[in-house]
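*Asks:* One structure, as structure tokens, below. Some questions next.
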Amino acid sequence: MIYYSINEVCDQLLVKERTLRSWITKIEQRTAFRFTRKINMENPHYVQGNPVPQLSLDEEEIGLLKELKMNRQQGANLSEMIDRLFLLPEDYDKRYPTQLRA
């Protein structure tokens, strides 16, 4: 599996790093979905002398973020799109009962 850095994903999606990090934070706060964090052994990031894991996104995660971006450009609500794309189906059904959906 190939993993991409935040900067590489920003280049692919044509979004600012701040926007992407904000989306990732909101996704992880609202859902049980967790993005991969790992130490890049070729170019580790150090904090206080210790290597720390950095976000590393795979193709599937990038695909979900592309879909999120596309829907946002069409005016979709960010929270609803996060729930639709990243919640498990049973959790989505609990949060948005079928009879209340438009």
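In this note's numbering, the protein residues as written are 18 to 119.
Don't be surprised by glycine CBs; every beta carbon is placed ideally from N, CA and C.
1) Could you tell me the boundaries of the alpha helix (DSSP H) in which residue 109 lies?
2) Suppose only complete runs of 4+ residues qualify. What are the alpha helix (DSSP H) ranges in the segment 19-55, listed by chain order?
3) Kindly indicate the opening and closing residues of the beta strand (DSSP E) around residue 67.
4) Can you give me the C-alpha to C-alpha distance between residue 34 and residue 110, rounded to a whole angstrom?
5) Leaving aside the five residues before and after residue 53 along the sequence, list all residues of the same chain whose C-beta is less than 8 Å from its C-beta, in chain order.
*Replies:* From the atom records:
1) 106-112
2) 23-30, 34-47
3) 67-69
4) 32 Å
5) 20, 72, 73, 74, 75, 78
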